[in-house]
Amino acid sequence: MNAVEIEQAITDLAERPFDPAEFPYTFLEAFGNKATTIKRLRAGASNKSDLGGVLQTSNIHILTCDAGRVTQTLAALKVSPATVKAKAKFILATDGVDFEAEDLTSGETVACAFKDFPDHFGFFLPLAGISTVRQISENAFDIRATSRLNRLYVELLKDNPEWGSAERRHDMNKLMARLIFCFFAEDTDIFVGKGRFTETVAQMSARDSSNTHEVLATLFRAMNTKREDRAAAKVPRWAEDFPYVNGQLFSGSEEVPRFSKIARSYLLHVGGLDWTKINPDIFGSMIQAVAEDEERGELGMHYTSVPNILKVLNPLFLDDLRSKLEEAGGNPRTLLNLRKRIAKIRVFDPACGSGNFLVIAYKEMRAIEAEINRRRGEPDRASEIPLTNFRGIELRDFPAEIARLALVIAEYQCDVLYRGQKLALAEFLPLRNENWITCHNALRIDWLSVCPATGTSVKLQADDLFETTLDQAEIDFQNEGGETYICGNPPYRGSKWQSDEQKADLANAWAKHPKLAKTTDFVTGWFARFFDYADKVPDAVAAFVATNSVCQGQQASEVWPVAFERGCEIRFAHTSFKWANLAAHNAGVTVVVIGLGKKSNQPKQLFLEDMLKQCTAIGPYLVPDSLAYVEKANDPLGGQSVMLFGNMPRDGGNLLMDADLARNVMADDAVARSFIKRFIGSEELINGKLRYCFWIEDDEVDAANASELISQRLKLVVENRSNSPAESTRSFAKKPYRFVQIAGVAKETAIVVPTVSSESREYLPVGFVTADTIVSNLAFALYDAPLWNMALIASRLHLVWIATVCGKLETRYRYSNTIGWNTFPVPTLTEKNKADLTRCAEDILLAREHHFPATIADLYDPENMPADLRAAHDRNDEVLERIYIGRRFKSDTERLEKLFDLYTKMTASAAPAKSKKRKAGANA
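Using our numbering, you'd call the opening residue of the sequence shown number 116 and step up by one each time.
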């Protein structure tokens, strides 16, 4: 269940007659517990309560009680041994009149009337596996409002299906935006009399809803007509008290879909909410899902927390403004100059969605301006920060409309907060006509037409905000040429997941560097457009949220050299962190924040979780003070042994067999037995899966064919390869007994590394096998290499290097011998160093052996890694890191700094001798 569905279920529960016996089960059902789970709790099989209540392990302990005993009952739940033993996260007590609960992890509590507990449903969202944030827990209004509007939206489409078509969806979105404004206006005294809009609809529309659409259309017409023109427009007397709003919000078509009785009821119900509680930054991002069919399943989930947004906005410009405010102290002139500067700052989000970033930027700037006014003794002064300085581009029309509306609401709320309601009301209406949110494709439109450097750009002004053509790019207001800060959270989409339309958009964005359009994530299109924009507006600075893959592997070595060649730099960055929304069980995508600008001498800022590092440069991999990028190398840079691909059969599976078949063949076929070898790739190494293969040398073909099974299998290989579309495969139909690609075979031993492995492990999986094992093409191998090489691969140092320079497949580590191993900078090792590392590798293998038959997947589970194995790895890290710097590294960032410093020095010294190739297969 999503948050909106939970809110609906909780509201329904609160409105029913209180049933003390059923309440705990109904409450748990509302948070998504399955019928089978409830059945087991009812039967007592999983109910661990020692107080006669309902206790769900690791979740909640609920107890209903006699009237007036709620506080005592909650206290009893808290000290209950069963509560502690079951690790309950919440306790809840109620008598049907009062309601109390506590979050045992945070210590936060809820105490309210039973009928009001749905107002606090956000407090309990963790029960449904939904991660939440303080803004939602403390004020769940935005989800409740989204829930009610969604019901209305769906009900209207039932009776007016044509309004759900592509042709009419725009009109439906327009209706929702108008209603949202009216609900907000009637509860904040923008309309005279609290609840006046809803009350008028209730009074003037028939109970059978037959004329509800006509009443709404009349009210909208009134709000689009100046008072002196209302007689001519035939606005009826009952609509006269509603103010002239315009601002293009009510202009254009007045058509409203027909309402059923249920839809009318939902409309009045929405109006009955307290819209003074709306948070425009939260509500906007949630409500946009109402109009998106594919997003409605996670309705109410699309909220980005303010702290995450501030990771972009603070280092971009807000930190500087606050610093200047602190420096100004009480100096009136310095404060005045800062206020003038703020009034000219433009914030531009070219992927603005419903306006989260713009709203937060506006509110933060208003807070700084208000403090300036307070210090200057002008607390009632009107704001000089125009909404038209907050510009956006959004592809979809409904979010674009909501973005503009969210900013309007934010402006009013800030005026009330800083200047008082009386002054706020006096200046709020009519709304301005400027359209500062452009509905267009950000990778197609010229950003200069939306946010020009200087001057005025009056090209097209529509009478109706909602009827503006999609190709409108022009901004119709004066721009005084202040600072420009570009920000946003563009869509990510890896190259494999992009639609044809997105690929074309990306190609357009990277027109000056077409190769990048073929391999980079969709988000890099916004980087490309910024590079173009910065060529014309060199003082502009941008900060985007992006997948961390843009600073890893191939993308890092392709995108950032182009950025640097274009005269740009990374001004600041946040290294990888989770960017989660409120979706159930959503771990969130791993992202970085990249701040971009033209090259400068100013210090760069690198944010590493809670630590800030000042540096002179930030490189492609978000490593401080290193602009190096890693290129493929055919040979190892240091003294490590050569790593080769495994071996590819291309046999249609006919040279391979599972453990059962291999066991039977070895028991029954004396000829075939001698040609069977263990076959190992990523899956086999990590999860212990047993597979085998036939391995036949050139001089063993006749002997092998003496086995009927082998003879039959080889015929199938001939057939499979002969039908292959690849010439290289068809040519090997003549040699069906051998693998098509043979990179190497161990004479004695091999060190094996999977091509792909989970990112959740603290160390990369690495195996050690003997000569009776063939390594598949899904792994890499160091054949007959000294064992100290394994110590390198099994180290934290190497994992950090691989995670940074190799990139990932989805979220998993993707290993590469040419990018990850050959480039891994290893200092010159003494014989003692090699002996120490060999012992470390042996200790790791011995520790694993102690836990046989546990697999690598079992042994390296972060939650269950055996202590002796962890100690062996810790010792290995200790020995290796002391070789590098004489002590343990303090952090992964320090590890990367040292590795990139060493890589830069080693590649520089190796450059003159580049033509001297290492002998293939040579071991150090």
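All residues carry an ideal CB built from backbone N, CA and C; glycine is no exception.
Note that the coordinates shown come from a computational prediction; the quantities given were computed from them, not determined experimentally.
- Check the Cα spacing between residue 296 and each of 782, 358, 379: the tightest is with 358.
- Within its own chain, the residues whose Cβ lies closer than 8 angstroms to the Cβ of residue 635, once the five positions on either side in sequence are excluded, are 610, 621, 625, 665, 670, 673, 674, listed in chain order.
- Residue environment analysis places residue 519 among the buried positions, since at least 16 neighbouring C-beta atoms fall within 10 angstroms of its C-beta.
- Assigned with DSSP and collapsed to three states, residue 356 falls in coil, not helix or strand.
- Look at residue 162 here: in three-state DSSP terms it is strand.
- According to the DSSP assignment, residue 478 belongs to the alpha helix (DSSP H) that extends over 471-490.
- For residue 768, the closest of 799, 800, 733, 808 by C-alpha to C-alpha distance is 808.
- Only residues of its own chain outside the window of five on either side were considered, and among them 747, 748, 749 have a CB closer than 8 angstroms to the CB of residue 933, listed in chain order.
- Taking C-beta atoms under 8 angstroms as the contact rule, residue 753 and residue 941 qualify, at a distance of about 3 angstroms.
- Per DSSP, the continuous beta strand (DSSP E) segment holding residue 726 begins and ends at 726-730.
- Under the DSSP assignment, residue 178 falls in the beta strand (DSSP E) whose first and last residues are 175-179.
- Here DSSP, grouped into helix, strand and coil, assigns residue 311 to helix.
- According to DSSP, residue 213 shares a beta bridge with 228.
- In the DSSP assignment, residue 1001 falls outside any alpha helix (DSSP H), carrying neither H nor E.
- With a beta-carbon spacing of about 19 angstroms, residue 551 and residue 644 fall beyond the 8 angstroms limit used to define contacts.
- If you draw a 10 Å sphere on the C-beta of residue 802, you find fewer than 16 other C-beta atoms in it, and that means exposed.
- Around the beta carbon of residue 333, a 10 Å sphere encloses 16 or more other beta carbons of the protein chains shown; the residue is thus reported as buried.
- For secondary structure counted as the alpha helix (DSSP H) over 4 or more consecutive residues, the stretch 593-628 holds these complete runs in sequence order: 615-624.
- The residue from 714, 897, 878, 841 with its alpha-carbon nearest to that of residue 862 is 897.
- DSSP, reduced to helix, strand and coil, places residue 366 outside both helices and strands of the structure shown, so it counts as coil.
- Taking 9 angstroms as the cut-off, the Cβ atoms of residue 886 and residue 865 count as close.
- Residue 440 places its beta carbon less than 9 angstroms from that of residue 483.
- If you compare the alpha carbons of 821, 481, 532, 689 with that of residue 501, the shortest gap goes to 481.
- Taking residue 810 as the centre and dropping the five residues before and after it, the same chain places the C-beta of 790, 792, 889 closer than 7 angstroms to its C-beta, in chain order.
- Minimum Cα-Cα distance from residue 929 among the listed residues 642, 917, 949 corresponds to 917.
- Secondary structure at residue 361: strand, using DSSP grouped into helix, strand and coil.
- Within the same chain, 963, 966, 980, 981, 984 come within 7 angstroms of residue 974 by CB-CB distance, once the 5 residues on both sides are set aside.
- Taking the Cα positions, residue 773 is about 13 angstroms away from residue 798.
- Residue 688 is bridged by DSSP to 709, 721.
- Membership of residue 905 in the alpha helix (DSSP H) is indicated by the continuous run 903-908.
- Close CB contacts of residue 458 within its chain, under the 6 angstroms cut and outside five residues either way in sequence, are with 499, 500 (chain order).
- DSSP, read as helix, strand or coil, puts residue 201 in coil.
- Below 8 angstroms, enough C-beta pairs join the stretch 118-127 and the stretch 220-238 to call them touching: three or more.
- With respect to the C-alpha of residue 662, the residue from 880, 1008, 1016, 694 having the closest C-alpha is 694.
- Looking at the backbone, the Cα of residue 304 and that of residue 341 are separated by about 19 angstroms.
- CA-CA distance, residue 323 to residue 380, rounds to 10 angstroms.
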